[in-house]
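The sequence shown begins at 13 in my numbering and counts up one residue at a time.
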Amino acid sequence: MAQAYMLIQTEVGMAESVTEAVSGIDGVVRVDTVTGPYDVVVLTEASSGDPLGHAVVGRVQRVAGITRTLTCSILNF
């Protein structure tokens with residue numbers, strides 16, 4: 013199982029609508045609206061890294077109101 017956190021910056025006033033839109037995407041495990049330099053934090057997962065990047069992360073990045081994302085893959089030692 014591949015997992016990653018996505019840190020999302022949104023347009024001003026768009027955090028709530030981005031949170032709602034992202035929560036409906038397959039592969040999104042958890043979505044939280046947060047304070048700080050990012051507005052939304054998303055936990056994603058897929059069967060492997062390739063589907064995670066193409067299917068889940070790609071869909072999240074296309075949500076209206078997102079201005080920037082940073083994807084942090086979770087390492088399993």
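Every residue, glycine too, gets a C-beta built ideally from N, C-alpha and C.
C-alpha of Arg74 to C-alpha of Phe89: approximately 31 Å in a straight line.
Counting the other CB atoms within 10 Å of its CB gives Ile86 a total below 16, which places it among the exposed residues. Take Tyr17, set aside five residues on each side of it, and the residues of its chain with a beta-carbon closer than 8 Å to its own are Val53, Val54, Leu55, Thr56, Thr83, Cys84 and Ile86, in chain order. Nearest to Val40 by alpha-carbon distance, out of Thr79, Gly77 and Ala14, is Ala14. Beta-bridge partners of Thr45 (DSSP): Val52.
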